[in-house]
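Everything in the sequence shown is counted per my numbering, starting at 1 for the first residue and increasing by one.
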Amino acid sequence: MTKKIAIIGAGTAGLHLGLHLRSAGVEVTIFTDKRPEEYAGLRLLNTVAHHYVTVERETALGANHWPSETYGYIGHNYYIGGPKPLRFYGSLGRPSRAVDYRMYQPRLMEDFLARGGRIEYREIAHDDVPEISSRFDLLVVCTGKGPFGHMFKHQPAHSPFDRPQRALCVGLFKGIKETTPRAVTMYFSPAAGEMIEIPTLTFGGMAAALVIENHIGSDLEILAKVKYEDDPKAFIALLLAKLRQHYPTCAERIDEKEFDLANSPRDLLQGGVTPTVRGGHVVLDNGKLAIALGDVHAVVDPVLGQGANMASYAAVILGEEIVAQDVYDQRFVERFEERRTDRVICGTRWTNFMLQHLGTLSPDLLQYIGALSQHPALADEFTENFNYPERQWDCFASPERMRAWVAARVAQPESIRLSA
Ligand SMILES: Cc1cc2nc3c(=O)[nH]c(=O)nc-3n(C[C@H](O)[C@H](O)[C@H](O)COP(=O)(O)OP(=O)(O)OC[C@H]3O[C@@H](n4cnc5c(N)ncnc54)[C@H](O)[C@@H]3O)c2cc1C
């Protein structure tokens with residue numbers, strides 16, 4: 001039997017699914033609103049770090065064009081500000097890597113086309129869904145966090161927020177010296193914000209992505225509002241001042257003469273993300289099934305870098321189930337959801353937990369961070385588990401679990417004393 005699958009959206013979810021299905025000889029058409037040649041002229045889409053489990057999935061898909069030995073990083077630095085700042089490092093078992101999605105996505109679209117996939121370039125409206133779905137055995141909707149995904153039901157039990165929890169200012173910058181070894185750096189400025197610095201391959205070579213997560217109402221929030229285009233020099237001066245105050249270990253690596261957006265004024269993105277989970281499928285009026293994949297299903301704030309990694313994981317699992325099963329019905333959905341849910345729901349819960357608790361650094365979180373700072377093996381395990389958000393949630397799901405996680409690894413946990 002020839003299976004015919006329609007995918008709407010050519011992001012990581014749609015492309016990883018499409019490439020997996022093509023490797024199994026399934027007939028696939030992606031419907032998307034942008035041609036590969038349009039991406040270079042777009043505003044920054046995001047700044048996505050692929051944890052190594054995702055890099056390894058790309059290798060298996062034959063779509064890893066950016067070797068980790070050249071472009072990857074091998075750990076996380078952590079900086080927690082306050083009267084007595086804490087600094088520590090956790091290593092990754094294997095390298096992770098970040099590439100500007102304006103380079104990444106068109107390259108994977110080329111891979112998909114070269115392997116016999118079809119792409120139809122047009123913006124799809126909801127009215128188009130009955131006609132498209134009638135021509136295929138299964139429809140997969142991967143249109144990202146925009147309004148198209150609202151065809152899937154909002155899940156309040158997994159969506160605790162009705163608005164963005166951080167005011168984001170995200171950009172690609174030149175003039176920031178890389179750390180040695182090359183690593184992501186996660187900075188926490190209590191009651192003000194978080195910042196994630198990601199070594200990233202851009203159109204002009206390696207640069208630093210700064211994901212500046214500003215608490216609403218803090219002095220940092222202005223970074224999400226002030227416009228670079230209005231006065232580039234004033235914007236950069238303001239940013240430098242905020243970095244010196246809140247994230248000094250980044251500021252001290254900046255060459256002020258060179259510091260600016262890496263390649264163009266389009267290398268900056270400001271706004272916010274409302275973390276949301278939606279139902280994983282709907283049965284359409286014509287009886288066909290539509291599956292929600294990637295951000296359509298679960299969108300998270302970027303503070304822990306989980307969204308695209310979850311999307312890729314779910315895409316390949318969906319691909320495996322499409323290949324393994326012949327009937328796309330309720331039982332198909334059950335089998336797929338059984339495999340997708342733990343990773344994706346734990347990724348959203350862990351991210352939402354951190355959004356709520358990093359603001360005030362609860363005593364349990366302080367105790368946990370103190371343990372990481374004093375025990376390198378724990379910092380390594382925490383860092384490694386960015387690849388496995390369900391393991392993070394095994395630890396963070398309750399204060400008892402956080403304490404038990406530390407107690408199981410540290411001989412005298414009561415010796416760890418920290419205050420905010
Ligand atoms: C600032 C920022 C930083 C981030 N950092 C990380 C990170 O470090 N790690 C991580 O894992 N995740 C990160 N994310 C999240 C990540 O970007 C998303 O989770 C991921 O890109 C979602 O992939 P997707 O395929 O579901 O959707 P998208 O990548 O948004 O793709 C949607 C696709 O659908 C197309 N489309 C949309 N509407 C239509 C329509 N009506 N008709 C036709 N086509 C349509 C679009 O053109 C696009 O091709 C970050 C997000 C942001 C905003």
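By construction, the Cβ of each residue, glycine as well, lies at the ideal position given by its N, Cα and C atoms.
{"Asked": "Given a cut-off of 9 Å on the beta-carbon distance, is the pair Ala28 and Phe112 in contact?", "Found": "For clarity, residue 28 is Val in the given sequence; the question names Ala instead. Yes, these two residues count as a Cβ contact at 9 Å."}
{"Asked": "Hey, how far is the Cα of Leu361 from the Cα of Tyr121?", "Found": "47 Å"}
{"Asked": "Using a threshold of 9 Å, state whether the C-beta atoms of Leu238 and Cys142 are closer than that.", "Found": "no"}
{"Asked": "Does ligand 1 have a heavy atom nearer than 8 Å to the CB of Phe173?", "Found": "no"}
{"Asked": "With DSSP as the reference, label Pro85 as helix, strand or coil.", "Found": "coil"}
{"Asked": "To the nearest angstrom, report how far apart His281 and Val333 are at their CA atoms.", "Found": "8 Å"}
{"Asked": "I want to check one thing, is the minimum distance from the CB of Tyr101 to the heavy atoms of ligand 1 below 8 Å?", "Found": "yes"}
{"Asked": "Indicate, with yes or no, if ligand 1 has a heavy atom lying under 8 Å from the CB of Gly446.", "Found": "Outside the displayed span of the chain (1 to 420) sits residue 446, for which this structure offers no information."}
{"Asked": "Round the Cβ separation of Arg102 and Ser68 to the nearest angstrom and send it over; I've been treating them as touching at under 8 Å.", "Found": "Rounded, the Cβ-Cβ distance is 20 Å, inconsistent with contact."}
{"Asked": "Closest by CA to Pro248, which one among Ala411, Gly81 and Gly319?", "Found": "Gly81"}
{"Asked": "Tell me the residue span of the beta strand (DSSP E) that contains Leu201.", "Found": "Gly193 to Thr202"}
{"Asked": "With hydrogens ignored, establish whether the beta-carbon of Arg339 is closer than 8 Å to any heavy atom of ligand 1.", "Found": "no"}
{"Asked": "Kindly confirm or deny that the region 160 to 167 and the region 296 to 304 touch, where touching means at least three C-beta pairs closer than 8 Å.", "Found": "yes"}
{"Asked": "Name all residues in chain order for which at least one heavy atom of ligand 1 lies closer than 5 Å to the residue's CB.", "Found": "Gly9, Ala10, Gly11, Thr12, Ala13, Thr32, Asp33, Lys34, Asn46, Thr47, Val48, Ala49, Glu123, Ile124, Cys142, Thr143, Gly144, Phe148, Val170, Gly294, Asp295, Pro302, Gly305, Gly307, Ala308, Asn309 and Ala311"}
{"Asked": "Kindly indicate which three-state DSSP category Ala183 falls into: helix, strand or coil?", "Found": "coil"}
{"Asked": "Taking its Cβ as the centre, do 16 or more other Cβ atoms sit within 10 Å of Arg340, making it buried, or is it exposed?", "Found": "buried"}
{"Asked": "Taking all protein chains shown into account, do 16 or more other C-beta atoms lie within 10 angstroms of the C-beta of His215, making it buried, or fewer, making it exposed?", "Found": "buried"}
{"Asked": "DSSP three-state call for Phe188: helix, strand or coil?", "Found": "strand"}
{"Asked": "Under 9 Å between the Cβ atoms of Phe173 and Phe259?", "Found": "yes"}
{"Asked": "Per the contact definition of three or more C-beta pairs closer than 8 Å, is the region 314 to 324 in contact with the region 262 to 274?", "Found": "no"}
{"Asked": "Which value, in whole angstroms, describes the spacing of the CA atoms of Ala290 and Tyr328?", "Found": "10 Å"}
{"Asked": "Would you check if the region 76 to 94 and the region 340 to 357 touch, i.e. whether three or more CB-CB distances between them fall below 8 Å?", "Found": "no"}
{"Asked": "Whole angstroms is fine: what's the gap from Arg115's alpha carbon to Tyr313's?", "Found": "21 Å"}
{"Asked": "Who are the Cβ neighbours of His357 in its own chain at under 7 Å, not counting the five residues just before and after it?", "Found": "Leu365"}
{"Asked": "Sort out for me which residues DSSP pairs Thr32 with in a bridge.", "Found": "Tyr121"}
{"Asked": "From Met109, Thr32 and Pro275, pick the residue whose C-alpha is nearest to that of Arg22; which is it?", "Found": "Met109"}
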